[in-house]
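Chemist:
Numbering (the numbering used here), first residue to last: 14 to 169.
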């Protein structure tokens, strides 16, 4: 009787393994719902409403509050490469920046992480609006790291 039970269990297990099917059959029929950013499919689907809004104005923000916010925004970007590059730049340069330079750096931080990284490392040319930026030039010098300084994330 035990042998008969074992044979039936083995047979039903084989049937389950052979009759296995995917959970959903619609995913491969519809294609990938998450297209890559800036791909032709993405650009065809993008409208002006999809572009992020302008940053919130902060008319009464003091220089110290602005500096503290820029330190935080430089550190918490979303990609490790940008975090390391911008947080070490902020640590080395923010204390000596004027308020106008900090506002320009604030506008730079509104750009996408990878764009800032590629502009700073020289992998891509910056757009016209950033081509003459003193802050981006200083960031590019910082990214070259000609002194071969070992950099690590600064404390918040």
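Ideal Cβ placement from N, Cα and C applies to all residues, glycine included.
As the structure is a computational prediction, the values presented were derived from the model and not from experiment.
Examine the Cβ distances between the segment 86-101 and the segment 50-59 and report whether three or more of them are shorter than 8 Å.
Modeler: No, the segment 86-101 does not touch the segment 50-59.
Chemist: Are the beta-carbon atoms belonging to residue 95 and residue 131 less than 8 Å from one another?
Modeler: No, Cβ-Cβ distance for residue 95 and residue 131 is not below 8 Å.
Chemist: Identify which residue in 141, 163, 138 and 110 has its Cα closest to the Cα of residue 148.
Modeler: Nearest of 141, 163, 138 and 110 to residue 148, Cα basis: 110.
Chemist: Taking all protein chains shown into account, do 16 or more other C-beta atoms lie within 10 angstroms of the C-beta of residue 144, making it buried, or fewer, making it exposed?
Modeler: With fewer than 16 other Cβ atoms within 10 Å, it is exposed.
Chemist: Flag this pair as yes or no: are the beta carbons of residue 105 and residue 83 separated by less than 8 Å?
Modeler: Against a cut-off of 8 Å, the Cβ pair of residue 83 and residue 105 comes out as no contact.
Chemist: Just the C-alpha distance for residue 114 and residue 161, rounded to the nearest angstrom, thanks.
Modeler: So the two alpha carbons sit approximately 26 Å from each other.
Chemist: Roughly how many whole angstroms lie between the Cα atoms of residue 121 and residue 48?
Modeler: Roughly 26 Å between the two C-alpha positions.
Chemist: Compute the Euclidean distance between the alpha carbons of residue 72 and residue 140, then round it to the nearest angstrom.
Modeler: Whole-angstrom Cα-Cα distance: 27 Å.
Chemist: At the level of alpha carbons, what is the spacing between residue 85 and residue 103?
Modeler: Distance between the alpha carbons of residue 85 and residue 103: 9 Å.
Chemist: For residue 152, count the other beta carbons within 10 Å of its own beta carbon; 16 or more makes it buried, fewer makes it exposed. Which is it?
Modeler: With 16 or more Cβ atoms within 10 Å of its Cβ, residue 152 is classed as buried.
Chemist: Skipping 5 residues on each side, what residues in its chain have a beta carbon closer than 8 Å to that of residue 116?
Modeler: Same-chain partners within the cutoff: 79.
Chemist: Report the residue ranges of all alpha helix (DSSP H) runs contained in full by the segment 95-153; include only those spanning at least 4 residues, in chain order.
Modeler: If we require 4 residues or more, the alpha helix (DSSP H) runs fully inside the segment 95-153 come out as 112-122 and 126-134.
Chemist: Quick check on this structure: which residue in 101, 46 and 70 has the alpha carbon closest to the alpha carbon of residue 158?
Modeler: Here the closest residue by C-alpha is 101.
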